[in-house]
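J.: What follows is a structure written as structure tokens; I'll ask about it next.
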Amino acid sequence: MNNIKENKRLGQYGTNLKHHALIVGWNSFGKTVTDQLTGAGKQVAIVTKTKTDIDFIRENYPTSNVFALYTDYNTIEHLQKANIQDASIVFVNLEDDTEKLVYILNLKKTFEGLKYIVSLDNADLKQTFVAAGVTYALSKNEIASKLLASYIFEPDVAIFNEEIIAVAESDELYDIKQYHVLKSNPYLGMPYEKVFFDLKRACNAVLVGIVKCQEDKRVLLKNPDGGEVIVEVKDYLLLLVNGLGEKKLNKLFHTKEGLVDD
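Take the sequence shown: its position 127, counting from 1, is numbered 129 in the working numbering, and each next residue is one higher.
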């Protein structure tokens, strides 16, 4: 009985989470990412090879939203216990950029068709990771340096930028959200310009862009001019909105924010 309880605590019996974010490797940066994801209501599976991490994760996050697995993640097949095949994205959070690249190449041999994201220490390696099939390759230093420079010469803009890239934790705080356009969306078939003004009046939300998804390609139109752009099914609307406006948008669009797996 004790063995069964211990194995369950360590995640050895797996999870049935789907459309979740899978984080491979646990550290302070992974914790920050998990905080943002759970704050946005997203489910997360975490894989770590350090047993003491499991205690921390289980003490700080509800098991309904966060699944923790203790295993040697270099044995790729073990990731099936974290339901990697049904994850919406895999965040490879290892310590070294080279280790990340080799790990992703090995992952792709077993699990094809998944989306991968990495945070790089060396920005010069970004194109190498993209060529290897990584969906999103971000540089910590590149992002931090842009924000720091902004604080130096336009501090008010920097403060606002820092707020909108984080999850809004109250009705008063703002962030940018993306909403998938369903067939039930009341703005389906309408010009972008009309949707812009209607959403401002109805939800105090500012439409800042639209993503067109056609033939496996995503085209971001940032605040397009005029009324030529029409809202269509499978588009994504990008909105600047606070917590109160988000609640109105969820009802209006019949969906919650975030990427939808096709």
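C-beta atoms are modelled at their ideal positions from N, C-alpha and C, and glycine is treated no differently.
Hey, how far is the Cα of L103 from the Cα of Y118?
T.: Position 101 of the sequence shown holds residue 103. Position 116 of the sequence shown holds residue 118. Whole-angstrom Cα-Cα distance: 11 Å.
J.: Report the start-end ranges of each alpha helix (DSSP H) in the segment 52-112 that is 4 residues or longer and not cut off at the edges.
T.: Whole alpha helix (DSSP H) segments, 4+ residues: 53-62, 99-112.
J.: What's the C-alpha gap between A160 and A151?
T.: By one-based count along the sequence shown, residue 160 stands at place 158. By one-based count along the sequence shown, residue 151 stands at place 149. In a straight line, the C-alpha of A160 is about 9 Å away from that of A151.
J.: Could you tell me whether the Cβ atoms of L261 and L209 are closer together than 8 Å?
T.: Indexing the sequence shown from 1 puts residue 261 at position 259. Indexing the sequence shown from 1 puts residue 209 at position 207. Going by C-beta atoms, L261 is not nearer than 8 Å to L209.
J.: For H182, count neighbouring Cβ atoms within 10 angstroms of its own Cβ and tell me buried if that reaches 16, exposed if not.
T.: Translated into positions along the sequence shown, residue 182 becomes position 180. By the neighbour-count rule (16 or more Cβ atoms within 10 Å), H182 is buried.
J.: If you follow the alpha helix (DSSP H) that I161 is in, where does it begin and where does it stop?
T.: Position 159 of the sequence shown holds residue 161. Where I161 is concerned, the enclosing alpha helix (DSSP H) stretches over 157-166.
J.: Check this for me: beta carbons of D99 and L122, under 8 Å apart or not?
T.: As a first step, residue 99 must be located in the sequence shown, where it is residue number 97. As a first step, residue 122 must be located in the sequence shown, where it is residue number 120. Contact flag set, yes.
J.: What runs of the alpha helix (DSSP H), each 4 residues or longer, lie entirely inside the segment 14-38?
T.: Qualifying alpha helix (DSSP H) stretches: none in this window.
J.: For the structure I just gave you, are there three or more beta carbon pairs, one from the segment 138-158 and one from the segment 55-75, closer than 8 Å?
T.: As far as the Cβ criterion goes, the segment 138-158 does not touch the segment 55-75, which means the pair count is below three.
J.: When the Cα of F198 is compared with those of S66, G229, I178, Q216, which residue comes out closest?
T.: For the purposes of this step, residue 198 is taken as the residue at position 196 of the sequence shown. The candidate whose alpha carbon is nearest that of F198 is G229.
J.: Taking only beta-carbon atoms, is D74 less than 8 Å away from chain D?
T.: Structure shown: chain D not included; a single protein chain is present.
J.: Ends of the alpha helix (DSSP H) at G245?
T.: Taking the first residue of the sequence shown as position 1, residue 245 is located at position 243. Per DSSP, G245 belongs to the alpha helix (DSSP H) from 245-255.
J.: Would you mind sorting V68 into buried or exposed? The rule is 16 or more other CB atoms within 10 Å of its CB.
T.: As a working note, residue 68 is residue 66 in the sequence shown. Burial call: buried.
J.: Which class does T137 belong to by DSSP, given the choice of helix, strand or coil?
T.: Working through the sequence shown from its first residue, we reach residue 137 at position 135. Coil.
J.: Alpha carbons only, please: which of Y72, I48, T52 is nearest the one belonging to Y63?
T.: Position 61 of the sequence shown, counted from the first residue, corresponds to residue 63. Minimum Cα distance to Y63 is reached at I48.
J.: Is H22 buried or exposed, if buried means 16 or more other CB atoms sit within 10 Å of its CB?
T.: Walking along the sequence shown from the start, residue 22 turns up at place 20. Classification for H22: buried.
J.: If we count Cβ pairs, one from each stretch, closer than 8 Å, do we get three or more for the segment 169-177 versus the segment 231-238?
T.: Judged by Cβ distances under 8 Å, the segment 169-177 makes no contact with the segment 231-238, as fewer than three pairs qualify.
J.: Quick check on this structure: which residue in Y194, Y15, E164 has the alpha carbon closest to the alpha carbon of A84?
T.: The residue given as residue 84 occupies position 82 in the sequence shown. It is Y15.
J.: Quick one: what does DSSP say K214 is sitting in, helix, strand or coil?
T.: In the sequence shown, the residue the question calls residue 214 occupies position 212. Residue state, collapsed to three classes: strand.
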